[in-house]
Amino acid sequence: MNTLKVPAGLRQARVPLPEHLLGFLQAEVARFSKSISVPRPWHYSELHNPWSRAAAVFDSWGFLDVCQSSTVIENVGRLIGPDIVLFDSQWLPDRWHPIEAESALESDAHRFPVDPPVGVTVLIAVAGVPRGILRVDYRDSKLGTAAKQQVSASLELEPGTILVLDSRLAYRVRCARSSSVVPAALAMRYFPASSRYSRDPTAPVHRTLTERYPLINYARLPLWLVNGEDRADNDFVTGFNVRAGYWTNSRW
Numbered sequence: 032m033n034t035l036k037v038p039a040g041l042r043q044a045r046v047p048l049p050e051h052l053l054g055f056l057q058a059e060v061a062r063f064s065k066s067i068s069v070p071r072p073w074h075y076s077e078l079h080n081p082w083s084r085a086a087a088v089f090d091s092w093g094f095l096d097v098c099q100s101s102t103v104i105e106n107v108g109r110l111i112g113p114d115i116v117l118f119d120s121q122w123l124p125d126r127w128h129p130i131e132a133e134s135a136l137e138s139d140a141h142r143f144p145v146d147p148p149v150g151v152t153v154l155i156a157v158a159g160v161p162r163g164i165l166r167v168d169y170r171d172s173k174l175g176t177a178a179k180q181q182v183s184a185s186l187e188l189e190p191g192t193i194l195v196l197d198s199r200l201a202y203r204v205r206c207a208r209s210s211s212v213v214p215a216a217l218a219m220r221y222f223p224a225s226s227r228y229s230r231d232p233t234a235p236v237h238r239t240l241t242e243r244y245p246l247i248n249y250a251r252l253p254l255w256l257v258n259g260e261d262r263a264d265n266d267f268v269t270g271f272n273v274r275a276g277y278w279t280n281s282r283w
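32 is the number of the first residue of the sequence shown in the working numbering; add one for each residue after it.
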C-alpha cells in the first residue's frame, strides 16, 4: 500500500484477510471465469445472499463466512461501533456500473437506505499478480469539503488487503491489466445497528435505488446482525423467504 496521508474515512486493516478466506475468494473468481461465459448484472451483486440469483453460481454461504469473519468485523467496529448489520455485497469492478473518469468518483452513500445515514464499505483485494495491480482511487479530502478543495489519490493493494471506507467517501476500484469482466475485489456493506433500515419501497431512497439498480430490490434485502445487538428495531425477517431452486421442475 502506498504511503499516503489518507482521509479519516478510510482505514487499512493491519492484518490481511486469513489465507483460507482469501483462497476461497480467489476460487470463486476462478469459478466466475470458468462458469460464466456471458456475465450478467446479477452475477456481481448479493453474493452473500443464499436466496439471490448469484447463489445459483457462487457459494453464498462461503461469502457469508468472509463477511462475518472476525478480521473484517473488528475493523468495521472501529469505525461504526460494535453493533453491526450486513446487508450488501458486490464484485468490483462491476462492468455494468463502470466508473472510468476520475471526475466520476462516487461514494456508496446512496446505497445505504438507513436512518441515521451511517455506514461503511469494506473492500478486499482479490486480484493476483498475473492480472495486474489492483488500484483503489479515492477523493482525499475531509468529508463534505467543497469540490475545488478535493484531491484525488490512488492506492495499490496486494491480494488479501482489507480497506474500510466511510460510505460517503468517493472511490473507484480498477485493475491495471485486467479484463473489465473478471472481478478484482469484493465489496461488503455494513451499517451500525443503531440505524434503522428502510423497508418502504415508496421512499425516495428506494425509488432512486430501483432506477439505478433495477434488478436489486433493496427494500427487501435480508439483513444479518453480524455483531452486537439491534438497537433500532430493524426487520430481520424480510428477504429470508426460501424460494425454489432454479433447477427445480416448474410443475413442483
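Here a beta-carbon is modelled for each residue, glycine too, at the ideal position from N, C-alpha and C.
CA nearest to the CA of residue i, picked from the options
i    : options                 : result
W5   : S83, H79, A263 and Q99  : For residue 5 there is no data in the structure shown, the boundaries of the chain being 32 and 283.
T269 : W255, T152 and I193     : W255
Y221 : Q121, L246 and C206     : Q121
R251 : T239, G259 and D266     : D266
A44  : L194, L110 and V212     : L194
N258 : V88, H74, D114 and Y202 : D114
F89  : S100, E105 and A61      : A61
S83  : Y249, A218 and A201     : Y249
Residues bridged to residue i (per DSSP)
i    : result
C206 : L165
F222 : V116
V103 : V103 pairs with nothing; no bridge assigned.
D6   : Outside the displayed span of the chain (32 to 283) sits residue 6, for which this structure offers no information.
R45  : BP columns for R45 are empty, so no partner.
S185 : D168
N258 : I115
A156 : A216
V151 : D197 and Y221
Whole-number beta carbon distance between residue j and residue i, since they are thought to touch under 8 Å
i    : j    : result
V157 : P214 : 7 Å
P72  : L246 : 5 Å
Buried or exposed by the 16-neighbour rule on C-beta atoms within 10 Å, applied to residue i
i    : result
E77  : buried
Q180 : Caution applies to Q180, whose pLDDT of 48 falls short of 50 and renders its modelled position unreliable; the value that the coordinates give is listed next. Exposed: under 16 other Cβ atoms inside 10 Å.
F94  : buried
P161 : Low local confidence applies: a pLDDT of 47 at P161 is under 50, so the model's placement there is unreliable, and no value is given.
G40  : buried
Nonlocal neighbours in the same chain, by C-beta distance under 8 Å from residue i, ignoring five residues either side
i   : result
K65 : none
H51 : none
6 Å CB neighbourhood of residue i in its chain, flanking five on each side removed
i    : result
F271 : P253
G191 : P47, L48 and L53
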